[in-house]
Amino acid sequence: MRRLFNTRFIRWWALRQIIAIAPGIGDRLGMFPDSIGMLEGADQVLVNEVSKVPEAEIVADLDFLSRCLASDATDAQITLPGGVRAGARIAVYDQPWIDMVTGTVLLPRLRRTVLLRGAFANWNATSARLGRPRIPIEGRVTSMINTDNYFHQLIENGIRLLDMLSRPEIGDAPITLVHRPPVRKVERAVLAVIARADTRIILREVPADSLVLPEQAIISFPGNNHWEWPELPKPAVQRMDELFAAYYGPPDTQGGEKLFLSRRGAKLRGLRNEAELEAMLTRRGFESFVATDDNHAEQIARFRAAREIVSVHGAGLTNLLFSAPGARLVEIFPSTKVKSPYWWVCRRMGHHYAPVIGGPGDRNEGFELDRAYVEKALAS
Numbered sequence: 105m106r107r108l109f110n111t112r113f114i115r116w117w118a119l120r121q122i123i124a125i126a127p128g129i130g131d132r133l134g135m136f137p138d139s140i141g142m143l144e145g146a147d148q149v150l151v152n153e154v155s156k157v158p159e160a161e162i163v164a165d166l167d168f169l170s171r172c173l174a175s176d177a178t179d180a181q182i183t184l185p186g187g188v189r190a191g192a193r194i195a196v197y198d199q200p201w202i203d204m205v206t207g208t209v210l211l212p213r214l215r216r217t218v219l220l221r222g223a224f225a226n227w228n229a230t231s232a233r234l235g236r237p238r239i240p241i242e243g244r245v246t247s248m249i250n251t252d253n254y255f256h257q258l259i260e261n262g263i264r265l266l267d268m269l270s271r272p273e274i275g276d277a278p279i280t281l282v283h284r285p286p287v288r289k290v291e292r293a294v295l296a297v298i299a300r301a302d303t304r305i306i307l308r309e310v311p312a313d314s315l316v317l318p319e320q321a322i323i324s325f326p327g328n329n330h331w332e333w334p335e336l337p338k339p340a341v342q343r344m345d346e347l348f349a350a351y352y353g354p355p356d357t358q359g360g361e362k363l364f365l366s367r368r369g370a371k372l373r374g375l376r377n378e379a380e381l382e383a384m385l386t387r388r389g390f391e392s393f394v395a396t397d398d399n400h401a402e403q404i405a406r407f408r409a410a411r412e413i414v415s416v417h418g419a420g421l422t423n424l425l426f427s428a429p430g431a432r433l434v435e436i437f438p439s440t441k442v443k444s445p446y447w448w449v450c451r452r453m454g455h456h457y458a459p460v461i462g463g464p465g466d467r468n469e470g471f472e473l474d475r476a477y478v479e480k481a482l483a484s
């Protein structure tokens with residue numbers, strides 16, 4: 105309930121009522137509460153490759169994945185094991201607006217917000233500000249989603265863009281990649297390697313609260329209905345690995361084959377008896393490491409070297425993309441929040457996966473774990 109009845113929700117709800125009565129106010133604020141589907145609103149659909157995920161990939165872990173549905177973000181109509189689809193969609197929009205606060209595409213001629221799903225754009229997909237900068241840009245533009253989360257930065261921004269750029273359907277004309285001022289070093293690195301990847305890309309930094317008004321937007325959307333399971337085209341993943349290797353150069357620290365990714369200092373999902381688990385893992389030859397925004401190059405190097413990884417669920421596990429096939433992940437969860445994105449990454453990248461469920465999480469998902477469960481998973 106605290107997520108719903110907050111200032112953002114109340115402000116959004118009130119503005120939605122006002123704009124319904126006086127739509128012109130939405131034009132001035134840059135807010136369109138009604139939405140339109142990504143394909144329905146497109147002027148051109150360049151790619152629409154969506155297919156069913158084979159049931160065999162899901163059946164073996166069906167009990168675990170069914171439990172994850174309580175916490176995973178998915179289409180409300182999804183069914184396991186036979187109702188999962190994934191793929192890529194690329195669409196073109198003429199004379200749109202791009203809201204840099206949310207990363208969404210707006211269609212002012214229709215007064216609609218382009219979304220994957222839903223009949224209206226909620227408080228996460230809309231923003232409203234009087235007098236914010238409106239920045240016209242000639243030619244074609246693409247954009248990233250607005251996020252500080254490493255999983256989404258790397259996969260939904262970096263890898264999805266690399267996949268889009270590899271497709272002949274998008275043509276040879278330049279594309280301006282509009283982005284907010286980078287908040288984190290990793291965000292800056294992703295932008296840098298995308299710019300290096302393709303001569304068609306022109307980086308354009310704009311104010312974080314602005315509306316971008318291009319002649320045309322070309323946007324890559326996910327085609328999956330399980331939103332924790334994004335497309336991971338292997339050529340794009342390999343390209344990202346190569347780009348980071350060139351960007352960072354040889355690593356100062358490589359690390360060993362056994363890696364414990366600690367959550368020490370994290371605000372969420374802290375393991376209250378982590379010291380006990382860490383001591384056991386140290387005796388088994390594991391090296392402890394805390395992933396931060398300041399050690400991204402080392403994160404990648406350690407995951408490249410690691411063959412066994414133990415970690416509480418967290419965005420640092422996105423680096424499994426850089427591990428050689430056949431690595432093993434033991435992922436730890438509080439019993440009250442079990443999620444499946446890294447099961448999916450492991451399936452796609454050829455890794456082995458073992459979930460371990462601990463005790464219930466508190467308000468910040470902090471919890472305790474019987475280390476014997478990890479020992480059992482490592483021995484299996």
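Everything in the sequence shown is counted per our numbering, starting at 105 for the first residue and increasing by one.
Quick reminder that beta carbons are idealized off the backbone N, C-alpha and C, glycines included.
Bear in mind that the values here come from a model prediction, so they are computed numbers and not experimental data.
Beta-bridge partners of residue i, as assigned by DSSP
i, result
"W201", "L210"
"V414", "F364 and V434"
"L375", "F471"
"Q240", "The sequence given here places Pro at residue 240; Gln does not occur at that position. DSSP lists L317 as partners of P240."
"V460", "I436"
"L219", "G141"
"E391", "L363"
Proximity winner among the options, relative to residue i (alpha-carbon distances)
i, options, result
"S439", "G275, G462, I123 and I202", "G462"
"A431", "Q148, L482 and Q121", "L482"
"V297", "L317, S270, G262 and W331", "G262"
"A458", "A164, D397, A301 and A232", "A164"
"I194", "M268, Y254, M453 and Y351", "M268"
"R308", "Y351, R120, V245 and R475", "V245"
"P318", "I279, E472 and G128", "I279"
"A419", "T396, R388 and T386", "T396"
"R376", "R292, H283, R475 and L266", "R475"
"G374", "L421, W448, E402 and F471", "F471"
"D176", "E332, E161, Y351 and V414", "E332"
"G191", "E153, V341 and P200", "E153"
"F136", "A383, I123, A293 and L143", "I123"
"S314", "I241, R467 and L381", "I241"
"S231", "N468, L210 and A383", "L210"
Three-way DSSP call (helix, strand, coil) for residue i in this model
i, result
"K362", "strand"
"R475", "helix"
"P355", "coil"
"E469", "coil"
"R193", "strand"
"T178", "strand"
"T246", "strand"
"V449", "helix"
"L65", "Look at the range of the chain in this structure, 105 to 484, and you will see that residue 65 is not part of it."
"R233", "coil"
"V442", "coil"
"R120", "helix"
"E335", "coil"
"H400", "helix"
"A370", "coil"
Cβ-based burial, residue i [other Cβ within 10 Å; buried from 16]
i, result
"L166", "exposed"
"I114", "exposed"
"I125", "exposed"
"N253", "exposed"
"M105", "Unreliable positioning characterises M105 in this predicted model, as indicated by a pLDDT of 44, which lies under 50. The coordinate reading is nonetheless provided below. Exposed: under 16 other Cβ atoms inside 10 Å."
"L295", "buried"
"P272", "exposed"
"T303", "exposed"
"D203", "buried"
"P326", "buried"
Any non-hydrogen atom of the ligand ZN within 7 Å of residue i CB
i, result
"E382", "Absent from the structure shown: the ligand ZN. Ligands present: none."
If we require 4 or more residues per run, which alpha helix (DSSP H) segments fall completely within the region 271-329? Counting only runs of 4 or more, we get 289-301.
Unbroken alpha helix (DSSP H) runs of length 4 or more, entirely within the region 137-174: which are they? The region 137-174 contains these whole alpha helix (DSSP H) runs: 160-163 and 166-172.
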